[in-house]
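Plus 33 on top of the position in the sequence shown (first one is 1) and you've got this note's numbering. Report on the structure given below.
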Amino acid sequence: MPPLSQQDARAALVADLRTRIAGPSAEFAEAGGRFVSLGVEAIDAALPGGGLKAGALHEIGAEDYRDMGAATGFLTALAARFAESGSGPVLWCQSAQPPFDIGALYGPGLAAFGLDPVRLVLALPGSATDCLWAMEEALRSGAFAAVIGEVDGRAAALDLTATRRLQLAAEEKGTPALLFTGHGGGAASAAVTRWRIAALPGRIVPGTEKFGGLTGASCWRAALARVRGGAPGAWNVAWHAGGKGFALADAIVPAFKERPTVPAAARVVAFRQSA
């Protein structure tokens, strides 16, 4: 074969570079290429494909320990979005000795975030290693609309190899995998997206302001810390239980006012005297 001319060699090099640059997008378009919109234009625009990829691993963590409950709510809402566009049950793997002391799952609470508890299959593996194994097997089965797992982000079993196996299993059948790492995440991960969630004051039910306000939409500070092929960002997000969808929190009714900062330990707190 005759050697390439300088012009042909340059053209081949440019073509190769274009292929490399487009690699992440091309990978997204192949296995598990279904995307699920979050219903918020600003967030969808930051995600490749205009939404969260179904056949992929998504990692959710809490910004701080006190945000664990809020992060669980956000995780549940994401699972509900995936379940809406899929069939079959939703598997939730929770260690028999849960890594987080935030209580058990509560059916009506799951329903408030759009996840029908009737569709839930709860697995109680005995360790982080068993939990990761159960998630992988469930993803490869293709029998579930979504697979959720709770594994402490500081667990030795949760390494790059383990998350890569979950990512490949999710791609194989196009099943979404949601990994809740608590407030100890940050290790190397093959997850396509990594979210850090913090609690925000809830929104007031319209018309109840004169009574002090009844709690309405739940709100979070949702930080997309990492996204393959997209643009990281952070948004104040609310969940409409009635409409079963996300919205930008600043675009809806006012929030409850922030409470005063709690005094430091060992300081005297003055209580209001009765008349």
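Idealized CB from N, CA, C, for every residue including glycine.
Which of the three DSSP states is assigned to residue 255 in this structure? Position 222 of the sequence shown holds residue 255. Three-state DSSP puts residue 255 in a strand.
Length at least 4, wholly inside the segment 77 to 127: the alpha helix (DSSP H) runs in chain order: Runs found: 101 to 117.
For residue 136, count neighbouring C-beta atoms within 10 Å of its own C-beta (all shown protein chains included) and say buried if the count is 16 or more, exposed if not. Sequence index remark: in the sequence shown, residue 136 carries index 103 (1-based). So residue 136 counts as exposed.
Cutoff 8 Å; reference residue 165; Cβ partners in own chain excluding five residues on either side: Residue 165 sits at position 132 when you count from the first residue of the sequence shown. 182, 184, 190, 191, 195, 198, 199.
Have a look at 262, 263, 280, 180 and flag the residue whose alpha-carbon is nearest the alpha-carbon of residue 119. Here residue 119 refers to the residue found at position 86 of the sequence shown. Of 262, 263, 280, 180, the residue nearest in Cα terms is 180.
Between residue 70 and the rest of its own chain, which residues show a CB-CB distance below 7 Å, the 5 nearest in sequence each way excluded? The count along the sequence shown starts at 1 and reaches residue 70 at position 37. Closer than 7 Å at Cβ, skipping near neighbours: 77, 83, 84.
Based on Cα-Cα distance, which residue from 167, 219, 265 lies nearest to residue 97? As a working mapping, residue 97 is identified with position 64 in the sequence shown. Comparing Cα positions, the closest option is 219.
Identify every residue that forms a DSSP beta bridge with residue 278. Looking up residue 278 in the sequence shown gives position 245. 273.
Three-state secondary structure assigned by DSSP to residue 179: Stepping through the sequence shown from its first residue, residue 179 is reached at position 146. In the three-state DSSP reduction, residue 179 falls in the strand class (E or B).
Three-state secondary structure (DSSP) at residue 267? Numbered from its first residue, the sequence shown carries residue 267 at position 234. Reduced to three states, the DSSP call for residue 267 is strand.
Measure the alpha-carbon distance for residue 149 versus residue 263 and round it to whole angstroms. For the purposes of this step, residue 149 is taken as the residue at position 116 of the sequence shown. For the purposes of this step, residue 263 is taken as the residue at position 230 of the sequence shown. Roughly 30 Å separates the two Cα atoms.
Integer-rounded CB distance, given that residue 160 should sit under 8 Å from residue 324: Limits of the chain in this structure are 34 at one end and 308 at the other, which puts residue 324 out of reach.
Grouping DSSP H, G and I as helix and E and B as strand, with all else coil, what is residue 211? Taking the first residue of the sequence shown as 1, we reach residue 211 at position 178. In this structure, residue 211 counts as strand in the three-state DSSP scheme.
For the putative contact between residue 87 and residue 67, defined by C-beta atoms under 8 Å, what is the C-beta separation to the nearest angstrom? As a first step, residue 87 is located in the sequence shown; it is residue number 54 there, counting from the start. As a first step, residue 67 is located in the sequence shown; it is residue number 34 there, counting from the start. Sure, about 4 Å apart at Cβ, within 8 Å.
What residues in its chain sit with their C-beta under 7 Å from that of residue 278, if we drop five residues either side in the sequence? Counted from its first residue, the sequence shown places residue 278 at position 245. Taking residue 278 as the centre and dropping the five residues before and after it, the same chain places the C-beta of 72 closer than 7 Å to its C-beta, in chain order.
Beta carbon of residue 187 nearer than 7 Å to that of residue 225: On the sequence shown, residue 187 is found 154 positions in, with the first residue counted as 1. On the sequence shown, residue 225 is found 192 positions in, with the first residue counted as 1. Judged by their CB atoms, residue 187 and residue 225 are not nearer to each other than the 7 Å cut-off.
Run through the DSSP bridge pairs and tell me what residue 260 is partnered with. Indexing the sequence shown from 1 puts residue 260 at position 227. DSSP lists 226 as partners of residue 260.
Once you ignore the five residues that flank residue 202 on each side, which residues in its own chain have a CB closer than 7 Å to its CB? Against the sequence shown, residue 202 aligns to sequence position 169. Contacts found: 169, 172, 173.
Quick check on DSSP: helix, strand or coil for residue 138? Looking up residue 138 in the sequence shown gives position 105. In the three-state reduction of the DSSP assignment, residue 138 falls in the coil class, being assigned neither a helical nor a strand state.
So, helix, strand or coil for residue 144, using DSSP? Along the sequence shown, read from residue 1 onward, the residue named residue 144 stands at position 111. Helix at residue 144.
For residue 157, name the three-state secondary structure that DSSP assigns. Within the sequence shown, residue 157 is the residue found at index 124, counting from 1. Assigned with DSSP and collapsed to three states, residue 157 falls in coil, not helix or strand.
Have a look at residue 193 and residue 223 and give me their C-alpha separation to the nearest angstrom. In the sequence shown, residue 193 corresponds to position 160, counting from 1. In the sequence shown, residue 223 corresponds to position 190, counting from 1. In a straight line, the C-alpha of residue 193 is about 6 Å away from that of residue 223.
Cβ-based burial, residue 229 [other Cβ within 10 Å; buried from 16]: As a working mapping, residue 229 is identified with position 196 in the sequence shown. Buried, by the Cβ-count rule.
Using only alpha-carbon positions, find the residue among 269, 122, 270, 104 that is nearest to residue 151. Looking up residue 151 in the sequence shown gives position 118. The closest CA to that of residue 151, considering only 269, 122, 270, 104, is found on 122.
Candidates 101, 213, 134, of which the one nearest residue 91 by Cα: The residue labelled residue 91 in the question sits at position 58 within the sequence shown. When each option's Cα is compared against that of residue 91, the closest is 213.
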